[in-house]
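2 protein chains.
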Amino acid sequence: MKLFWTPASPFTRKVVVTARELGLWERIEVVPTVWPLDWGYATVEFTKGLAEANPVARIPTLVTDDGVALGDSTLICQHLNEVAPSSSIIPEGEAKAHMWSLYAVADGLLEAQIAMRAEMLRPGSIRSEGFLNKQRDRITRCFDHIEAHSDELDGPLDLAQITVGIACGYQDWREWLDDFRPGHGRLSVWYDEFAKRPAMRDTEPKETPAA
Amino acid sequence: MKLFWTPASPFTRKVVVTARELGLWERIEVVPTVWPLDWGYATVEFTKGLAEANPVARIPTLVTDDGVALGDSTLICQHLNEVAPSSSIIPEGEAKAHMWSLYAVADGLLEAQIAMRAEMLRPGSIRSEGFLNKQRDRITRCFDHIEAHSDELDGPLDLAQITVGIACGYQDWREWLDDFRPGHGRLSVWYDEFAKRPAMRDTEPKETPAA
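Read top to bottom, the protein sequences are chains A and B. With my numbering, the residue at position 138 of the first sequence is 138, and numbering never jumps. To get my numbering, take the position in the second sequence, counting from 1, and add 1000.
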């Protein structure tokens, strides 16, 4: 499999942590991508092969062993879970809907973080403080919800936990995002432990390297 | 089940068409939502119950028969496909990855359309022509890709077809989006037929009614 990647993208990190936890990492060839800082408001020059594989031209994009491109992190994680030889991060039965419910909240939180990043990169004259505040409010509501559902983070490893952990990690990384810990005590304690997993420690976010 | 809904949202239409095609529509209670026109760059007053069910505060949000909220249209469609008594719009086996591959392109196309809508609603002083052009380029690349893969639209009904059809419908509806037909002859012929399905005819996009 081939993964279009950068260490700055939390959606890509979700795929990488999933692949590592499922024991699939050795089967994935990483293709580093480069993103000029105007990526949010311009059609940039894409890393070779990306737009050809996935016309949305976004990462993560995974090309499967059969040469099929998947351009959505949720679908990629589901695919990896299916090809994993034994372990699973998507529960069956009644637990499944609960896992996806919490996952969708954590994923919406990631979207808000990345939407803020794109807005911060705009020239000041076309940057919307209202837009940034809308995303900040969304992030706060999502962390409040996760704190209220923090007992769901205690079961066997699943994709919701991975996504929550990555949202916490991104919130810590970007200095223009508030500390998520105040008012979210149980989540903070959980994240302190979760961040120690090798798959998390080895994938801490970094700026996209220059070309 | 309960669905937070508006007729203007293509992601919500995807869920509605899916539910109709799977014979589940009668089991869903529709909760109309209202969206002030500054929804893209302000925290608006949400329709009662929406943010409480899903802190991302976005539609579609489905509350399952078990009271679990799902706030992502892909996950909602997967859930509906699982609870459907007999039919399925997600193939098994080798066809599955191909279906999700095309689906992700069509879904990325919907995202670009909605990103443009949100940008168009911004006051002119903070609207980015570069951002609009970036999304227009993405839309063109996605339609080109779908045209090149139009043979995949000919099999039994699946979620990729539904999403492609809705992308075409949205492109037709908004006067600031270009006609998708030039250069995409096979897709145009396919869409003419697909748009006649009752589930498509009965769900044509309309502006969100005022409160």
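Think of the CB as a built atom: it goes at the ideal place given N, C-alpha and C, for glycine as much as any other residue.
Of the residues B/1115, B/1133, B/1147, B/1114, the one placed nearest residue 1181 of chain B, counting alpha carbons only:
It is B/1147 whose Cα lies nearest to the Cα of residue 1181 of chain B.
Quick check on residue 183 of chain A - is its C-beta less than 8 Å from some C-beta in chain B?
Interface with chain B (8 Å Cβ-Cβ cutoff): residue 183 of chain A is excluded.
For residue 1163 of chain B, the three-state DSSP class (helix, strand or coil)
Reduced to three states, the DSSP call for residue 1163 of chain B is helix.
Residue 10 of chain A, DSSP secondary structure in three states:
Note: residue 10 of chain A maps to helix in three-state DSSP.
Bounding residues of the alpha helix (DSSP H) (the contiguous stretch that carries residue 1096 of chain B):
Following the DSSP letters along the chain, one finds residue 1096 of chain B inside the alpha helix (DSSP H) bounded by residues 1094–1120.
Determine whether the Cβ of residue 155 of chain A lies closer than 8 Å to any Cβ atom of chain B.
Using a Cβ-Cβ cut-off of 8 Å, residue 155 of chain A does not count as an interface residue toward chain B, since no Cβ of chain B sits closer than that to its own.
Against chain A, with Cβ distances strictly below 8 Å, would residue 1068 of chain B count as a contact?
Cβ-Cβ to chain A under 8 Å: yes for residue 1068 of chain B.
Option nearest residue 1193 of chain B by Cα separation, candidates B/1206, B/1166, B/1210:
The shortest C-alpha separation from residue 1193 of chain B is found at B/1166.
For residue 32 of chain A: DSSP bridge partner residues:
DSSP lists A/5 as partners of residue 32 of chain A.
Closer than 8 Å between beta carbons: that is the criterion. Which residues of the segment 34–50 of chain A meet it against chain B?
Within the segment 34–50 of chain A, the qualifying residues are 38, 40, 41, 42, 43.
9 Å Cβ cut-off: residues of chain A touching residue 1105 of chain B:
Those are 54, 55, 56, 69, 71, listed as they occur along chain A.
Could you pull out every residue in the same chain whose Cβ sits closer than 7 Å to the Cβ of residue 1091 of chain B, ignoring the five residues on either side in sequence?
1099, 1158.
Are the segment 1072–1080 of chain B and the segment 1015–1025 of chain B in contact at 8 Å, needing three or more beta carbon pairs?
Yes, the segment 1072–1080 of chain B touches the segment 1015–1025 of chain B.
In chain B, what lies closer than 9 Å to residue 138 of chain A by C-beta?
Counting only Cβ-Cβ distances below 9 Å, residue 138 of chain A has contacts in chain B at 1043, 1055, 1056, 1057, 1058, in chain order.
The alpha helix (DSSP H) spanning residue 61 of chain A covers which residue range?
Segment 61–63 is the beta strand (DSSP E) holding residue 61 of chain A; no alpha helix (DSSP H) there.
So what's residue 1069 of chain B in DSSP terms, helix, strand or just coil?
DSSP, read as helix, strand or coil, puts residue 1069 of chain B in strand.
Of the listed residues A/56, A/140, A/25, nearest to residue 84 of chain A (C-alpha basis)
Taking only the C-alpha atoms, the option nearest residue 84 of chain A is A/25.
Under the rule that 16 or more other beta-carbon atoms within 10 Å means buried, what is residue 1210 of chain B, buried or exposed?
In this structure residue 1210 of chain B is exposed. Its beta-carbon is surrounded by fewer than 16 other beta-carbon atoms within 10 angstroms.
For residue 164 of chain A, count neighbouring C-beta atoms within 10 Å of its own C-beta (all shown protein chains included) and say buried if the count is 16 or more, exposed if not.
Result: buried.
Rounded to whole angstroms, how far is the Cβ of residue 7 of chain A from the Cβ of residue 205 of chain A, which I believe are closer than 8 Å?
For residue 7 of chain A against residue 205 of chain A, the beta-carbon gap comes to about 6 Å, under 8 Å, which counts as contact.
Figure out for me which residue from B/1112, B/1200, B/1087 has the closest Cα to the Cα of residue 1133 of chain B.
Relative to the Cα of residue 1133 of chain B, the nearest Cα in the group B/1112, B/1200, B/1087 belongs to B/1112.
So, are the CB atoms of residue 1097 of chain B and residue 68 of chain A less than 8 Å apart?
Yes, they are a contact pair.
Min CB distance residue 144 of chain A to chain B below 8 Å
Yes - at least one Cβ of chain B is within 8 Å of the one on residue 144 of chain A.
Let's see if you can read the secondary structure: which residues bound the alpha helix (DSSP H) around residue 1133 of chain B?
Bounds of the alpha helix (DSSP H) holding residue 1133 of chain B are 1129–1148.
Can you find a C-beta in chain A that's less than 8 Å from the C-beta of residue 1165 of chain B?
No, because no Cβ of chain A sits closer than 8 Å to the Cβ of residue 1165 of chain B.
Using 8 Å as the threshold, is the C-beta distance between residue 1118 of chain B and residue 130 of chain A below it?
Result no, Cβ atoms of residue 1118 of chain B and residue 130 of chain A do not sit closer than 8 Å.
Do residue 1104 of chain B and residue 66 of chain A have their beta-carbon atoms positioned less than 8 Å apart in this structure?
Remark: C-beta atoms of residue 66 of chain A and residue 1104 of chain B do not approach each other more closely than 8 Å.
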